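Contents: one structure, followed by commentary.
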Amino acid sequence: HNAGVFEELRERDIPVIYGPLDTLAYKVELKHEHWRNIEHLIASGVRFGLMTDHPVILQRLLLLTLRWFLRAGLSKQQALEIITRSNAEILGIDDILGTLEEKKWASFVCWNGDPFSLESYPVAVYAEGQQVYGEA
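This is the structure in structure tokens:
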């Protein structure tokens, strides 16, 4: 719970890929993992993205993990950008991934409603521009 670490990273222009969240301390580096660290992460202004540690923590839990960022005051759009645009920018691959634009590899899910709602479900899935699930 030390905000100074994130501030130091910001000052040195070192981005953070944060995570996983919602886990037991199955690794030494997760000993102090706590959702309150997100408040420090956001407040510091450091560039950050989010990861799950897949396959140990399944990537399908990313959407549930984003709830902590909503609780910390981010909008749904900002939360989704943490796992899309931000990660691509930090990894230096935002020329091909991270946003839906012409000439980029389009991988995305179409939902029947708000993806943050427990009642919503995927109606189509596209991977690198090709539909892999759903009706055409």
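Taken in order, the sequence shown gives residues 0 to 135; the numbers are from the working numbering. Here a beta-carbon is modelled for each residue, glycine too, at the ideal position from N, C-alpha and C. Note that the structure is predicted; figures quoted are calculated from it, not measured.
If we call anything under 8 Å between Cβ atoms a contact, is residue i one with residue j?
{"i": "V55", "j": "L8", "result": "no"}
{"i": "L49", "j": "I82", "result": "yes"}
{"i": "A123", "j": "G133", "result": "yes"}
{"i": "A87", "j": "L96", "result": "yes"}
For residue i, which option in the options has the closest C-alpha, if you only look at C-alpha atoms?
{"i": "L63", "options": "F47, N111, W34 and G91", "result": "W34"}
{"i": "D21", "options": "N1, E10, F68 and G3", "result": "F68"}
{"i": "G18", "options": "E6, E10, L61 and R11", "result": "L61"}
{"i": "K26", "options": "D52, L65, E88 and G97", "result": "D52"}
{"i": "I89", "options": "E6, F5 and V15", "result": "V15"}
{"i": "L99", "options": "L117, E6 and R84", "result": "R84"}
Grouping DSSP H, G and I as helix and E and B as strand, with all else coil, what is residue i?
{"i": "V122", "result": "strand"}
{"i": "I56", "result": "coil"}
{"i": "G133", "result": "strand"}
{"i": "V27", "result": "helix"}
{"i": "F115", "result": "coil"}
{"i": "V15", "result": "strand"}
{"i": "L69", "result": "helix"}
{"i": "G48", "result": "strand"}
{"i": "I92", "result": "coil"}
For the beta strand (DSSP E) containing residue i, name the first residue and the last one.
{"i": "W110", "result": "F107 to W110"}
Please list the terminal residues of the continuous alpha helix (DSSP H) segment that includes residue i.
{"i": "H39", "result": "N36 to S43"}
{"i": "R84", "result": "Looking at the DSSP string, R84 is not in any alpha helix (DSSP H), and its letter there is neither H nor E."}
Quiz item: Are the region 65-74 and the region 30-46 in contact at 8 Å, needing three or more beta carbon pairs?
Solution: yes
Quiz item: Looking at C-beta atoms only, is the number of pairs between the region 124-131 and the region 101-110 that lie closer than 8 Å three or more?
Solution: yes
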